[in-house]
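Q: Just dropping this structure here.
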Amino acid sequence: MSAAVVTGAVSLPLLAKSFAFDNSLTGTLVFGTITVTILLAAAGLLSRAVFFLGKDEQVRRELFTETAVVNGPGIKLVNPLGYRKATKIKAQMLGTMDFVKIKDSLTGKERVERGPQLLFLGPYEEVKEGGQGITLSKTEYLTVTDQLSGNRVVARGPCVWFPTTPHEKASGRHTAIALQEDEYIRLKDEATGQRWVQQGKALVVLESTWKVEGEVRKAWTLKTFEYVRLLDSVTGKVTVHTGEKTVFPGPNENLLDGDKLSAIDLKVDEYVRLEDQSDGEIRVVAGTSQVFLGPNERVMDGGKKKAIQVDEEHAALVRDASTGQQSLKTDKQLFVPGPHEKIEEVRDLIKLADHEAMIIKDKDGQLHFHYGNHEKHTSTEPKSSFLQPYAEIVQLWWSSGLRRAKRDLCIERFDCRAQYMWFEFDCRTTDNVELVLEVTMFWEAVDLAKMIRSTGNLPGDVYNQARSQFIKHVAKVTLKRFMDELHSISSSIHTEDANFYESRGVKIHSLEVTRYSCSDKRTSEVLQQIIEETTNRLNRLSQAESENEVKLFRMQGLIEQEKMNEELLQIQQKHTRAEAHVAGAAEAERVAAFVQGLAEPVPKLEDRIMMWQVLRKTDALTVISEGGGNLYYTPNDVDLSIRTD
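When we follow the working numbering, the leftmost residue of the sequence shown carries the number 21, and every step to the right adds one.
Right under this line is the structure:
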């Protein structure tokens, strides 16, 4: 705002000074000075008495005891000597969105003025603060606090908010919480402590005492096979909600399982065991069905299980936890255990081949022998059966390896067929040669009852017995004699130990030494040389015998060939004579016919014979001329004479 200040009367010292001029001044000058002074004083009084005010102006006058205000527009006349100071002030233009807080400094009262208006302040009023109204959309709101009473109210849009009293203060613009159909939010009234859940679809405007707990969350949309369990944190009650629907929790409810759950889908061969944690009751649900857990139920045994298919080859060993007794379920069924039953194991039907046998120990410790061969098993011991409760299969741990050093071979099924056993051991001859013998035994288990009563390690006993017998017999002979009588020594040991093997239910069919060697390296080399020399001698004898057989066979072949050649020559000679005879007869007939035909023209026989010879010579020359050969004649042959003149 601007202000113009008008001063009061003319200063008296100035008038006194004007009368102190030099008396030499003329009266006109004095009069003029007085006139100017009067005019200036009149102008000053006029400017203090008259104010020209526009429409947006006012004059604030500070009187000697109070303050007065004159508002425009117009020409305002006031007593020029009745106030100390006057100020022209611009009125404040308030727009549509403007407001100001005005305070009266005399009374201390405050008020709010909002536009649109041209605001003229009172004598003692001043603008404390100003501002603009807050525009709120449909989704916005303000929290307004009354600083005198402490009350808080909510101003909701759509509107333009202006304070109605000077003591109202807005906390800022907030956006309402928009909830969709499947959303919710937890609210708490801090004034009353009440908590509730606001479900969508809604536009939530928080009241002044409301507080949001958490954030906007999605409700649980449940399908047919889904469910949720909600725990009330105040009462501890659990509520189960199943689909199809949308579930909103209560103000104190939270998910018990962390997320929505799927029902346990049980097929026809499945079941699940459930425990009610409130009373400890257990129930079993079998398929086909969908299982929803109750409020206090939990799944036992890790979830759904497969029912046991009890048929001809499978049985179920079941223990009743309430009595501790075991039972074997053999009836054909899809077995599902009861609430207090536990499946210990599924037992397969024990099927024995004709050559197999098995020993079963019952709950009283008695042994039962089962044979696959129908000729051996009794009527009370079936060929195929299930292992009964409290019974067990007898296991024998036999030694393994060539020297039977480890007892790590577990035998449950006994092979009653004859079979081989290999082992080796050391022994020493009478000439102090240490040998390593490899022995093969062909044996057969014939009486399991004797075997189980006599020993728990049949291969170990057999090995040790054979080893002791070989040590005893080999110690009585030299190396050379051992090499010569090896098989007789094995036979004698086999014969002498018959009672030992029979007492253990074993029959030994044969006992042979398949290989022997010296444990000492140098002796082994000498023995190897002896063996090689013997082998070479036998090879040479065999080679000579083979060569003789080859020569003999070759000679026999030559003889047979000559005989055949002789027969061939005889046949060829016979054929040649026959051909010559035929050819001669034919030639004789020709000659005879030629000679007889010329009997009349050529009476002499000599002439006819000469003519025949000439014809034969002509035929010979014809044959020679037609051939590719060269004919050479001597002068005597052609009767040629050479003469020179």
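Built from N, CA and C at the ideal position, the CB exists for glycine as well.
Classify I413: buried if its beta carbon has 16 or more other beta carbons within 10 angstroms, exposed otherwise.
A: Along the sequence shown, one-based indexing puts residue 413 at 393. Burial call: exposed.
Q: Measure the C-alpha to C-alpha separation of D209 and G128 and round it to an integer number of angstroms.
A: By 1-based counting over the sequence shown, the position of residue 209 is 189. By 1-based counting over the sequence shown, the position of residue 128 is 108. For D209 and G128, the distance between alpha carbons rounds to 37 Å.
Q: Quick check for students: name the residue ranges of the beta strand (DSSP E) that lie wholly in the segment 247-322, counting only runs of 3 or more.
A: List check, beta strand (DSSP E) in window: 258-262, 265-267, 273-275, 284-286, 290-296, 302-306, 309-311, 317-319.
Q: Where does G128 sit, in a helix, a strand or coil, going by DSSP?
A: Counting from one through the sequence shown, the residue named residue 128 turns up at place 108. Of the three classes helix, strand and coil, the one that applies to G128 here is coil, per DSSP.
Q: How big is the Cα-Cα spacing for R628 and E586?
A: To locate residue 628, count along the sequence shown from 1; it is residue 608. To locate residue 586, count along the sequence shown from 1; it is residue 566. If I take the Cα positions, the gap works out to 45 Å.
Q: Quick one: Cα of P183 to Cα of I95, how far?
A: In the sequence shown, residue 183 corresponds to position 163, counting from 1. In the sequence shown, residue 95 corresponds to position 75, counting from 1. Computed Cα separation, rounded: 37 Å.
Q: Can you tell me whether H507 is buried or exposed, with buried defined as 16 or more other CB within 10 angstroms of its CB?
A: Within the sequence shown, the letter at position 487 stands for residue 507. Looking at its Cβ environment, which holds fewer than 16 other Cβ atoms inside 10 Å, H507 is exposed.
Q: Identify whether T185 lies in helix, strand or coil by the three-state DSSP scheme.
A: By 1-based counting over the sequence shown, the position of residue 185 is 165. If DSSP states are grouped into helix, strand and coil, T185 belongs with coil.
Q: What is the rounded straight-line gap between the Cα of T343 and the Cα of Q218?
A: Looking up residue 343 in the sequence shown gives position 323. Looking up residue 218 in the sequence shown gives position 198. Taking the straight line joining both Cα atoms gives about 54 Å.
Q: Exposed or buried, what is T55 when buried is set at 16 or more other beta-carbons lying within 10 Å of its beta-carbon?
A: The residue given as residue 55 occupies position 35 in the sequence shown. Exposed: under 16 other Cβ atoms inside 10 Å.
Q: For K265, which residues of its own chain have a beta-carbon under 7 Å away from its beta-carbon, when the five flanking residues on both sides are left out?
A: For the purposes of this step, residue 265 is taken as residue 245 along the sequence shown, with counting starting at 1. Once the five neighbours on either side are set aside, the close Cβ partners of K265 are L242.
Q: Can you look up S645 in the DSSP assignment and give me helix, strand or coil?
A: By one-based count along the sequence shown, residue 645 stands at place 625. Here S645 sits in helix by DSSP.
Q: Roughly how many angstroms separate the alpha carbons of S645 and T638, rounded to a whole number?
A: Counted from its first residue, the sequence shown places residue 645 at position 625. Counted from its first residue, the sequence shown places residue 638 at position 618. Those two C-alpha atoms are separated by around 10 Å.
Q: Can you look up R636 in the DSSP assignment and give me helix, strand or coil?
A: Taking the sequence shown and counting its residues from 1, one reaches residue 636 at position 616. Of the three classes helix, strand and coil, the one that applies to R636 here is helix, per DSSP.
Q: Which residue from T460, V494, K496, A495 puts its Cα closest to that of P479?
A: Here residue 479 is taken as the residue at index 459 of the sequence shown, counted from 1. Looking at the Cα atoms, T460 is the closest of the given residues.
Q: Given that a residue counts as buried once 16 or more other Cβ atoms are within 10 Å of its Cβ, and exposed if not, what is F72?
A: Taking the sequence shown and counting its residues from 1, one reaches residue 72 at position 52. With fewer than 16 other Cβ atoms within 10 Å, it is exposed.
Q: Let me know the beta strand (DSSP E) ranges lying completely inside the segment 147-201, each 3 residues or longer, listed in chain order.
A: If we require 3 residues or more, the beta strand (DSSP E) runs fully inside the segment 147-201 come out as 154-156, 160-166, 172-176, 179-181, 188-195, 197-199.
Q: Which same chain residues, not among the five before or five after A373, have their C-beta less than 6 Å away from its C-beta?
A: Locating residue 373 in the sequence shown gives position 353, where the first residue counts as 1. Result list for A373: G392, in chain order.
Q: Inspect the beta-carbon positions of L162 and H187 and report whether they are closer than 8 Å.
A: If you number the sequence shown from 1, residue 162 lands on position 142. If you number the sequence shown from 1, residue 187 lands on position 167. No, the pair does not count as a contact, with Cβ atoms beyond the cut-off.
Q: Using DSSP's beta-bridge definition, name the partner residues of K362.
A: By 1-based counting over the sequence shown, the position of residue 362 is 342. Answer is R339, bridged to K362.
Q: How is N559 classed by DSSP in three states: helix, strand or coil?
A: On the sequence shown, position 539 is the one that residue 559 refers to. N559 falls in the helix class under three-state DSSP.
Q: For N91, write down the residues that DSSP places opposite it in a beta bridge.
A: Counting from 1 along the sequence shown, the entry for residue 91 is found at position 71. Bridge partners of N91: Q78.
Q: Could you give the DSSP three-state label for V56: helix, strand or coil?
A: By one-based count along the sequence shown, residue 56 stands at place 36. DSSP places V56 in helix when its eight states are reduced to three.
Q: If we call anything under 8 Å between Cβ atoms a contact, is V482 one with M441?
A: Numbered from its first residue, the sequence shown carries residue 482 at position 462. Numbered from its first residue, the sequence shown carries residue 441 at position 421. Against a cut-off of 8 Å, the Cβ pair of M441 and V482 comes out as a contact.
Q: Write down every uninterrupted run of the alpha helix (DSSP H) in the segment 437-509 whose length is 4 residues or greater and which is fully enclosed by it, in chain order.
A: Entirely contained in the segment 437-509, the alpha helix (DSSP H) runs reaching 4 residues are, in chain order, 468-474, 478-494, 499-504.
Q: Quick one: give me the first and last residue of the alpha helix (DSSP H) that A327 is part of.
A: Start at 1 with the first residue of the sequence shown, and residue 327 comes out as number 307. Premise fails: A327 is in no alpha helix (DSSP H) and is neither H nor E.
Q: Based on the DSSP output, what are the partners of H514 in its beta bridges?
A: In the sequence shown, counting from the first residue as 1, residue 514 sits at position 494. Looking at the DSSP assignment, H514 forms no beta bridge with any residue, so it has no partner.
Q: Going by other Cβ atoms of all chains shown within 10 Å of its Cβ, with 16 needed for buried, is T449 buried or exposed?
A: In the sequence shown, residue 449 corresponds to position 429, counting from 1. By the neighbour-count rule (16 or more Cβ atoms within 10 Å), T449 is buried.
Q: Could you pull out every residue in the same chain whose Cβ sits closer than 6 Å to the Cβ of H194, ignoring the five residues on either side in sequence?
A: Counting from 1 along the sequence shown, the entry for residue 194 is found at position 174. Counting only Cβ-Cβ distances below 6 Å, and skipping sequence neighbours, we find Y161.
Q: Report buried or exposed for A619, applying the criterion of at least 16 other Cβ atoms within 10 angstroms of its Cβ.
A: One-based indexing of the sequence shown puts residue 619 at position 599. The residue in question, A619, is exposed, as its Cβ has fewer than 16 Cβ neighbours within 10 Å.
Q: For the beta strand (DSSP E) holding H390, just list the boundary residues, first then last.
A: Indexing the sequence shown from 1 puts residue 390 at position 370. Looking at the DSSP string, the run of the beta strand (DSSP E) that includes H390 is 387-391.
Q: Output yes or no for whether 8 Å exceeds the beta carbon distance between K325 and V338.
A: Numbered from its first residue, the sequence shown carries residue 325 at position 305. Numbered from its first residue, the sequence shown carries residue 338 at position 318. Not in contact: K325 and V338 (Cβ atoms no closer than 8 Å).
Q: Is K257 buried or exposed, if buried means 16 or more other CB atoms sit within 10 Å of its CB?
A: On the sequence shown, residue 257 is found 237 positions in, with the first residue counted as 1. Per the 10 Å Cβ criterion, exposed.
Q: Using only alpha-carbon positions, find the residue among I197, R237, W230, R172 that is nearest to E203.
A: Taking the first residue of the sequence shown as position 1, residue 203 is located at position 183. Out of I197, R237, W230, R172, R237 has the C-alpha closest to the C-alpha of E203.
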